[in-house]
Amino acid sequence: MSDNTDTRGARPAVPGPGQAPAAGLREDPGSVVTGTQPSATDTTGVAEDLPGAGRGTSKTRLYVRRFMRNRMAVVGLAVFALLALVAIFGGFLTPWAYDEADFLNLSSPPSAEHWFGTTDVGHDLYAQVVHGLGRSLIIGVLASLGTSVISAVLGAGAALYGGLPEKIVIGAIHFLLAIPTFLLIALVVGDAQGDWKLLIVVLVLFGWMFPARVIWSMSLSIKQNDYVRAARFMGVSRPRTVVRHLVPNIGSLLIIQFALGVVGVIMSETALSFLGLGVKLPDVSLGTLLAAGANATQAAPWQFYFPAGILTLLTVSMAFIADGLRDALDPNSRSGGQA
1 MSDNTDTRGA
11 RPAVPGPGQA
21 PAAGLREDPG
31 SVVTGTQPSA
41 TDTTGVAEDL
51 PGAGRGTSKT
61 RLYVRRFMRN
71 RMAVVGLAVF
81 ALLALVAIFG
91 GFLTPWAYDE
101 ADFLNLSSPP
111 SAEHWFGTTD
121 VGHDLYAQVV
131 HGLGRSLIIG
141 VLASLGTSVI
151 SAVLGAGAAL
161 YGGLPEKIVI
171 GAIHFLLAIP
181 TFLLIALVVG
191 DAQGDWKLLI
201 VVLVLFGWMF
211 PARVIWSMSL
221 SIKQNDYVRA
231 ARFMGVSRPR
241 TVVRHLVPNI
251 GSLLIIQFAL
261 GVVGVIMSET
271 ALSFLGLGVK
281 LPDVSLGTLL
291 AAGANATQAA
301 PWQFYFPAGI
311 LTLLTVSMAF
321 IADGLRDALD
331 PNSRSGGQA
């Protein structure tokens, strides 16, 4: 007879006093010993199986969400996009060129042939407004972009280098801010024969000071961060540190300043062209159209109100966009910290 006994269905032995529980058993005070079972609250691995679990919101999506929360900024973006499309493709909607005269319709009101009417010399006002809008946009975007780049490099570089370079840059900023730069710009571009390229260069040369001072003050605190010190200890050159570490950390400020700079440059160009010191005929901008229409507000009001309306839409839309960008990118704004 075999000594082996059938233990199937037998209950596990309960350890006696002073004996350790057998493997796979745990003591439950006041109850019988049971086998280890997973806890109902143990959700380890469940969250890992859920789709999208542990996946955070990207910065770009967060910025877009904050921007879209500002309704006026969304409206401004839509208006600006529409104006940009008009400036690019609006010229294909009319058979008239901006410098082509219709001598049979001199200073005629808006009609099916001339949507915005004509000027005193027979130019189609719609074609001129489209061309002037494009010219003002080109001047505003390029001049603001150049101003942002120069102010970022000089402001951050002065903060990082310190010493004599910092004194020179800050001294130049304070000197140029103390003098009336508008008069200097008028003197320089007065004999330029309406060259809009030279106007962009002059607006950049005399428009970088205030943004550069703001960037310099911010870079003074950024350069104290550990990653900037580590870059210096590792032998990274100062120009590379400015480009790779300082400027990217003030990128949100640069974007906001760029948007506001477009508005400021367009207003400066409009004022100079209105005074006859900016863009000159045969080329046109919104400023030259306003200057020509201001003399005919009684006899031909459409010559003034159409360019004035387009200019107002352009500047107000950019101001709304800049406000939305500040809410989206600045953590200290009213939308900062909100998802």
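Heads up: the sequence shown is residues 1 to 339, going by UniProt numbering. Just so you know, even glycine gets a beta-carbon here, dropped at the ideal spot from N, CA and C.
Other residues of its chain near residue i: CB distance less than 7 Å, five sequence neighbours each side excluded
i      : result
Thr297 : Phe304
Leu329 : Tyr63, Ser252, Ile255 and Ile256
Val169 : Leu154 and Ala158
Ala40  : Low confidence applies to Ala40: its pLDDT is 42, below 50, so where it sits in the model is not reliable, and the reading given next is rough at best. Closer than 7 Å at Cβ, skipping near neighbours: no residue.
Val262 : Gly140, Val141, Ser144 and Met318
Ile321 : Ala73, Gly76, Leu77, Phe80 and Ala259
Member of the options whose CA lies at the smallest distance from the CA of residue i
i      : options                           : result
His131 : Asp99, Asp195, Ser273 and Trp115  : Asp99
Leu77  : Asp327, Ala319 and Val242         : Ala319
Val204 : Leu286, Arg71 and Leu142          : Leu142
Gly117 : Phe175, Ser136, Ile138 and Thr94  : Thr94
Pro248 : Ala152, Val121 and Ala308         : Ala152
Gly287 : Ser136, Thr119, Ala87 and Gly90   : Ser136
Phe182 : Gly278, Phe103, Gly134 and Lys59  : Gly278
Phe258 : Ala230, Tyr227, Asp323 and Ser273 : Asp323
Ala178 : Phe206, Gly163 and Gly162         : Phe206
Asp226 : Leu246, Leu104, Val214 and Pro239 : Leu246
Lys125 : Trp216, Leu290 and Thr60          : The residue you asked about is not Lys; residue 125 is Leu in the sequence shown. The shortest C-alpha separation from Leu125 is found at Leu290.
Gly190 : Lys280, Trp302 and Pro301         : Lys280
Ala97  : Gly122, Pro110 and Ala127         : Ala127
Ala300 : Ser58, Leu106 and Arg61           : Leu106
Per DSSP, cross-strand counterpart(s) of residue i
i      : result
Asp124 : Thr118
Ala84  : Paired residue(s): none; Ala84 is not in a bridge.
Ala101 : His123
Proximal residues to residue i (C-beta, below 6 Å), its chain only, five neighbours per side dropped
i      : result
Ala192 : Leu198
Val188 : Val202
Val265 : Gly140, Ala143, Ser144 and Leu203
Ala87  : Leu133, Gly134 and Leu137
Gly91  : Val130
Val242 : Ala156, Gly157 and Leu160
Ile185 : Val202 and Phe206
Supposed contact pair residue j and residue i - C-beta distance, whole angstroms, cut 8 Å
i      : j      : result
Ser285 : Ser273 : 5 Å
Leu83  : Leu311 : The pair is not a contact, with the Cβ atoms about 10 Å apart (cut-off 8 Å).
Leu325 : Phe67  : 7 Å
Ala212 : Ile250 : The pair is not a contact, with the Cβ atoms about 11 Å apart (cut-off 8 Å).
Close beta carbons around residue i, own chain, < 8 Å, minus the five adjacent residues each side
i      : result
Lys223 : Ala159, Leu160 and Leu246
Lys167 : none
Kindly provide the ranges of any beta strand (DSSP E) runs that are 3 or more residues long and lie completely inside the region 280-332, ordered along the chain.
Taking 3 residues as the minimum length, the region 280-332 contains no beta strand (DSSP E) run wholly inside it.
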